Structure formats: C-alpha cells, structure tokens
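Participant: Quick one: structure below, then a few questions.
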Amino acid sequence: MCLRTLAFASLLALAHPEIGMAEASPTITGEQIRADVGFLSDDLLEGRDAGTRGYDIAARYVAARFEALGLQQAVPGSWFQPVTLSLARLDEQAPPSLTIGDRRFSSDVAIGAFGREAKQGLAAQAVFVGYGLKSAREKMDDYAGLDLRGKFAVALSGSPLGMPSEIGAHLSAEKALAAQEAGAIGLITIPSESFLSRTSWERLRERAGEPVVSWIGQDGQAYVRAAGIRGTAYANGAAAEALLAGSGRTLAAIRAEAAKKGARPRGFALKPMIRIERTSIVETAASRNVLALLPGSDPALAGEYVLLMAHLDHLGVKKSAKGSDKIHNGAMDNASGVATMLAVAKAFAESRQRPRRSILFAAVTAEEDGLLGSQYLAKNPVLPAGGKLVGVVNLDMPILTYDFRDLIAFGADHSTLGPIVKKAAGAEGIALSPDPLPSEGLFTRSDHYRFVQEGVPAIFLMTGFAGPGREAFEHFLKTDYHQPSDQMSLPFHWNAAAKFARVNYAIARGIADEAQAPLWYKGDFFGDAFAPDAPKAEKP
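So the number in the numbering used here is just where the residue sits in the sequence shown, counting from 1, plus 152.
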C-alpha cells in the first residue's frame, strides 16, 4: 500500500472506527444472563402468562433494557406492538359432545372451544382421508378421488412412519388447510398409536379443556389459518370405532397398517352422520410484542433486516398444579432465551463495528398459546417502508444445566444459513449434530416457523446430547418442562449460558455482515413451499 493510501485509510478509521477493524469476540458473561433470568422468572411475575399483569411487567422490563442499550423503537413512539388476544373457553354448563349416528359421545372425544362461533351445532356426513396430507412436491394427495364438499374429514394424526421429520411435521400442521381446500367444513382426528405413546389420551382431553387463544385480526375476528374448518375434535376408543361402523374397516386394522413404515391408509366414505355441539365463552385480553431496532451501517444493506427473537410468555399460575407451588415461572422456558437475546443485543449495541444489515430484536407474546405473537408480527410487519426481513434467529428454551459440547441447528440444512451456523459453532469448539428427537417435529413448534411460513429462512439452536447432554435434556423434559419446578433453583450452568449467547451472536453477526442475504437451497421442501419464486442457492 502506498503511503498516501495508508494515510487516508488511517483517517477513515479514526472517523469510522467500524471500518477496517476485525470484529472482536464480544464479552458476554453468565452473570448478566443470570440477572435477567432471575428477574423474569421471579414469583412477582406470576409465570408471565400472555394477557396478564405479570407478562406486562416482563414486557416493560425488556423495553427498559432495550432503551438502556440505546436501541431504537421499531414502532413509532413505542417499544410495543399491541396484540389483542381472543380467549375462548368451553361453557361448563354445556359440555361439548360429538354425536355419531345415534350415539352421543362425551368421554371418548376431545373437543376444544371455538372463538369464532360462541354457540355451535354443526352436522354433516364424513369421509375417512387417511393421514389427510396433501403436497404436490411430495406427490401426495390423500384427498384424491374423495368427495369432501360440505363434509367432515376424519384423519389419522401425524404422518407416515419414515417420512422426514420436518416435512412430516409441516404437513401435519397443514391438515386443516388441506381439508379446507378439499371442501370440508370440519376435521376429526383419530390419534395414532405413535401419538398416544407420547401423549396420553387423558392428557389430550385435559388440553382440549384449556382456553383456546388466538389474535384478533383487523376484521374483529379471531384469526385462524383455515377459517372454513368450523368443527374440530379428536375421537378415540368407542367413538373412533363408531365413525368406522359399517365401513368394513376397524380402528385396530387402520392403526396396524399405519404402524408400518411408509404405509398410508387409503380413504373411504363413512356411513354415520356426525354432529358437533359446543358452547364457548369468548373474551379478549390485551398483550404486546416488545420490539427494538439497531440500524445497519452499510447504506446498500441497511434496508435488509435480521430478526433475533425469543418468546417472553410462559404458562402463568395453574390451580391444577400438584403441590403448593402453582406458579409456572418458566426460567428455562423461556426466560433463558430472552436473557440470551438481551445479552446478544448488548453485544451488538456496544460493538465498535456496527453490523452491515439492520437487526430487529423481538420478545414476543403468546408462544405457549400457539406461536401467536410471532405469527402476528409475521403477518403485521413493523419494518420501515422498503425494509425486508432476510433471516431469523430464534432463541427458545436452551437447556443450560450442563456444559454442552454440541448443538442441534434446526433449519440450518434448508438454506445458506447452514454454513454461517457451522462457522459460529466451530469458533466456540462446538460440533453440530442431527436432530435427536425427529418424532417431536421441533422445527415447526417454535416461533421462527411463523416466519418460515412467510418465506424467510430461519434457524434455532438446541443444546445437544453429547456427553451429559442427553441425560440433562431428558431429565428436564420429564421433571421440569411446563412445571412449577422450572425456576431459578435449577442447576443452571451460567458459563454454558454465556457460550450459547456467543454462538447466537456470531450467527446473527454472520447473517448481518454476509455480502449475500440468506437463500433457500434449490429443491428444499420449505423453500419450494413458502418461497417458490425467490432466488435459490445450490446446496453444497
């Protein structure tokens, strides 16, 4: 370099310290993460249930932390994006029922409330549709040759044994849309043996009795993705047998067929008339997402945004909890994720090298009610005119009770986010491992998926099963997950928490500074399904 060029570069670096400097590893400590987890999981917040005072305190705390870091408000004049929730609960004076033929069932069925119709009596014929899956890409249409117009679809839960877990989870989540597209007005689900091995029928019935939460759209109605599906229920035991009466098929035979790898029971018309009756009491509650912006430094890329997010809500106070402690504090789920996000936000805010792309930070509401706050944000973006969301990093319930040696990166295989994740983990000496729980369909069960559904590449990390990982993870799921014991008394490994935050910072930094925004890989299922016209990259 000539002396004149060197002198100019020196002056430029003085005026803009972020230019020409290598980004140093951020200083993130376990102590700062511990402080945030401690406050957010304190009994004072009563479990941070969306729509309650405890959640609002947590939201105000996160907003204050954003403000103290010098971040900008994403919503003009506010740190908050209001989200009005619809809460529908069954009327205890009018228990729901499913009548099949001339038999009225209440114990072998599970029926939840419905926020769009307070009092409902819905009757129609029914058709068994196998798994009820439809995908042109997978050359799968369980509705082919069946007449569903104005009828109930009756489907097995889940997807065929042996189908890739993330694809199966996605198609399972889209069953109501597939049924609606076929002309059905309702969907009755028969739980498979595989499903019942993971979730007991008693637990499924308990869940059905819990309030059904949605967000209120601009039309004043509770939002549902398949508004044409007006009646839904689960049927098991005698009720499931009654659905099949006169068809020549039995529940045992269909379940046995479904237990074979790759098997897809074929559909057929059912003989009995079906009638669902339920009465719902519908109320509303105010909640909010907490949002902040860090503008990017590159004029050419600052209009592209990376979203770093974590859900702020948990389960609140449950009178049904065993023992004297009824508060579900949610220290791991998901105070730890929010605290990680705040640690990463601090690292970005204090860095002398601003990211090239802008960063949107979000603590979202009502994840526990069905990924609702993230869905609202995805459907109601807050970016400035011309702004585009290009990638999502989600932080949800990292198990931080051990010094993890590996990570599972959900979503990394689907887009060019994969190499960024691998590099970030490798810098901390961390290996990436395949999904150890494929039957759980975890890729579709956290907030990032709402943005995948809008065509945006996304990832989230789970601490891995290497070394003590499997035992620690399984112990938490069995003993503490969604229990009052998920609190600060858990044996948190705060150095591991700091390491987890550093990896996620490096991922967000990598996305923000990469010359090319993330691209779906050619032929990837999710890219083809949700961003068919977007540019694609060749998979290495």
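We treat Cβ as the ideally placed atom computed from N, Cα and C, and that holds for glycine.
This one's a predicted model, so the numbers in the text were calculated from it and none came from an experiment.
1. Does DSSP classify Met-493 as helix, strand or coil?
2. Since Met-640 contacts Val-214 with CB under 8 angstroms, what's their CB separation in whole angstroms?
3. Is Glu-269 near the ligand NAD - that is, is its Cβ less than 7 angstroms away from at least one heavy atom of it?
4. Taking C-alpha atoms, which residue in Lys-478, Ala-330, Met-461, Ser-476 lies nearest to Lys-286?
5. If the criterion is Cβ atoms closer than 8 angstroms, does the pair Lys-540 and Tyr-457 meet it?
6. Please report the Cβ distance between Gly-282 and Val-434, rounded to the nearest whole angstrom; I am assuming they are in contact, meaning their Cβ atoms lie under 8 angstroms.
7. Between Gly-203 and Ile-479, is the Cβ-Cβ spacing less than 8 angstroms?
8. Can you give me the start and stop residues for the beta strand (DSSP E) that Trp-367 sits inside?
9. Contact between the segment 432-452 and the segment 515-525 is defined here as three or more beta-carbon pairs at a separation below 8 angstroms; is this criterion met?
10. Among the residues of its own chain, which have a CB less than 6 angstroms from the CB of Ala-390, if the five just before and after it don't count?
11. Lys-540 lies in the beta strand (DSSP E); which residues open and close that run?
12. Buried or exposed: Leu-686, going by 16 or more other Cβ atoms within 10 Å of its Cβ?
13. Measure the alpha-carbon distance for Ala-174 versus Ser-503 and round it to whole angstroms.
14. Quick one: give me the first and last residue of the alpha helix (DSSP H) that Val-573 is part of.
15. What does the alpha-carbon distance come out to for the pair Arg-509 and Glu-666?
16. Can you list, in chain order, the residues of its chain with a C-beta nearer than 7 angstroms to that of Ala-561? Leave out the 5 residues immediately preceding and following it.
17. Could you tell me which whole alpha helix (DSSP H) segments of length 4 or greater appear in the segment 200-256?
18. Consult DSSP for Val-655 and reduce its assignment to one of helix, strand or coil.
19. In the segment 332-379, which residue ranges form an unbroken beta strand (DSSP E) of at least 3 residues, counting only runs that do not cross its ends?
20. Whole angstroms is fine: what's the gap from Ala-497's alpha carbon to Arg-654's?
21. Hey, could you find the ends of the beta strand (DSSP E) Lys-271 is sitting in?
22. By DSSP, does Glu-456 sit in helix, in strand, or in coil?
23. Quick check: the Cα distance between Ser-238 and Leu-589, rounded to an integer number of angstroms?
24. Need the endpoints of the alpha helix (DSSP H) that Gly-400 sits in, please.
25. Assuming contact is defined by CB atoms lying nearer than 8 angstroms, are Ala-307 and Val-534 in contact in what I supplied?
26. Using a threshold of 8 angstroms, state whether the C-beta atoms of Gly-361 and Leu-242 are closer than that.
27. Name, in chain order, the residues that DSSP records as bridge partners for Asp-293.
28. Apply the 10 Å Cβ neighbour rule to Lys-575 and answer buried if 16 or more other Cβ atoms are within range, or exposed otherwise.
29. Would you list the residues sitting across from Lys-688 in a DSSP beta bridge?
30. What three-state label does DSSP hand Asn-441 in the structure shown?
31. I need the boundaries of the alpha helix (DSSP H) containing Val-281, first residue and last residue.
32. Along the chain, where does the beta strand (DSSP E) that runs through Ser-585 open and close?
33. Taking all protein chains shown into account, do 16 or more other C-beta atoms lie within 10 angstroms of the C-beta of Pro-586, making it buried, or fewer, making it exposed?
34. According to DSSP, what are the bridge partners of His-463?
35. In or out: Leu-196 buried (at least 16 other Cβ within 10 Å) or exposed?
Facilitator: Working from what's here:
1. Counted from its first residue, the sequence shown places residue 493 at position 341. DSSP places Met-493 in helix when its eight states are reduced to three.
2. In the sequence shown, counting from the first residue as 1, residue 640 sits at position 488. In the sequence shown, counting from the first residue as 1, residue 214 sits at position 62. Not confirmed; about 18 angstroms, so no contact.
3. With respect to the ligand NAD, the structure shown offers nothing to examine, as it has no ligands at all.
4. Here residue 286 refers to the residue found at position 134 of the sequence shown. It is Ala-330.
5. Position 388 of the sequence shown, counting from 1, holds the residue named residue 540. Position 305 of the sequence shown, counting from 1, holds the residue named residue 457. Against a cut-off of 8 angstroms, the Cβ pair of Tyr-457 and Lys-540 comes out as a contact.
6. Counted from its first residue, the sequence shown places residue 282 at position 130. Counted from its first residue, the sequence shown places residue 434 at position 282. In fact, because the Cβ distance is near 34 angstroms, the residues do not count as touching under 8 angstroms.
7. Translated into positions along the sequence shown, residue 203 becomes position 51. Translated into positions along the sequence shown, residue 479 becomes position 327. Not closer than 8 angstroms, so no.
8. To locate residue 367, count along the sequence shown from 1; it is residue 215. Note, Trp-367: beta strand (DSSP E), 364-367.
9. yes
10. Here residue 390 is taken as the residue at index 238 of the sequence shown, counted from 1. Excluding sequence neighbours, Ala-390 sits near Asp-260.
11. In the sequence shown, the residue the question calls residue 540 occupies position 388. Start and end: 540-547.
12. Walking along the sequence shown from the start, residue 686 turns up at place 534. The residue you asked about is not Leu; residue 686 is Ala in the sequence shown. It counts as exposed.
13. Start at 1 with the first residue of the sequence shown, and residue 174 comes out as number 22. Start at 1 with the first residue of the sequence shown, and residue 503 comes out as number 351. In this prediction, Ala-174 has a pLDDT of 46, which is less than 50 and means its spatial position is unreliable; what the coordinates show is noted afterwards. Using only the alpha carbons, I get a separation of about 11 angstroms.
14. Within the sequence shown, numbered from 1, the residue matching residue 573 stands at position 421. Unbroken alpha helix (DSSP H) run through Val-573: 569-579.
15. Residue 509 sits at position 357 when you count from the first residue of the sequence shown. Residue 666 sits at position 514 when you count from the first residue of the sequence shown. If I take the Cα positions, the gap works out to 9 angstroms.
16. To locate residue 561, count along the sequence shown from 1; it is residue 409. Closer than 7 angstroms at the Cβ level, and outside the excluded window around Ala-561, lie Val-573, Leu-584, Ile-611, Leu-613.
17. 205-220
18. In the sequence shown, the residue the question calls residue 655 occupies position 503. Helix.
19. 338-342, 364-367
20. For this step, residue 497 is matched to residue 345 along the sequence shown. For this step, residue 654 is matched to residue 502 along the sequence shown. Distance between the alpha carbons of Ala-497 and Arg-654: 11 angstroms.
21. Position 119 of the sequence shown holds residue 271. 271-276 is the span of the beta strand (DSSP E), which, as asked, contains Lys-271.
22. Looking up residue 456 in the sequence shown gives position 304. Of the three classes helix, strand and coil, the one that applies to Glu-456 here is strand, per DSSP.
23. One-based indexing of the sequence shown puts residue 238 at position 86. One-based indexing of the sequence shown puts residue 589 at position 437. Their backbone Cα atoms lie some 32 angstroms apart in a straight line.
24. Taking the sequence shown and counting its residues from 1, the one referred to as residue 400 is at position 248. No alpha helix (DSSP H) contains Gly-400, which DSSP labels as neither H nor E.
25. As a first step, residue 307 is located in the sequence shown; it is residue number 155 there, counting from the start. As a first step, residue 534 is located in the sequence shown; it is residue number 382 there, counting from the start. No.
26. Reading the sequence shown from its first residue, position 209 is the one you call residue 361. Reading the sequence shown from its first residue, position 90 is the one you call residue 242. In contact: Gly-361 and Leu-242 (Cβ atoms closer than 8 angstroms).
27. If you number the sequence shown from 1, residue 293 lands on position 141. Answer by DSSP bridge pairing, in chain order: Lys-286.
28. Counted from its first residue, the sequence shown places residue 575 at position 423. Exposed, by the Cβ-count rule.
29. Along the sequence shown, read from residue 1 onward, the residue named residue 688 stands at position 536. Lys-688 is bridged to Trp-672.
30. Indexing the sequence shown from 1 puts residue 441 at position 289. Three-state DSSP puts Asn-441 in a strand.
31. Here residue 281 refers to the residue found at position 129 of the sequence shown. Counting along the chain, Val-281 falls outside any alpha helix (DSSP H), and DSSP gives it neither H nor E.
32. For the purposes of this step, residue 585 is identified with residue 433 of the sequence shown, where counting begins at 1. First-last for Ser-585: undefined, no H or E at that position.
33. Walking along the sequence shown from the start, residue 586 turns up at place 434. So Pro-586 ends up on the exposed side.
34. Numbered from its first residue, the sequence shown carries residue 463 at position 311. Partner(s): Val-516.
35. Residue 196 sits at position 44 when you count from the first residue of the sequence shown. Leu-196 comes out exposed.
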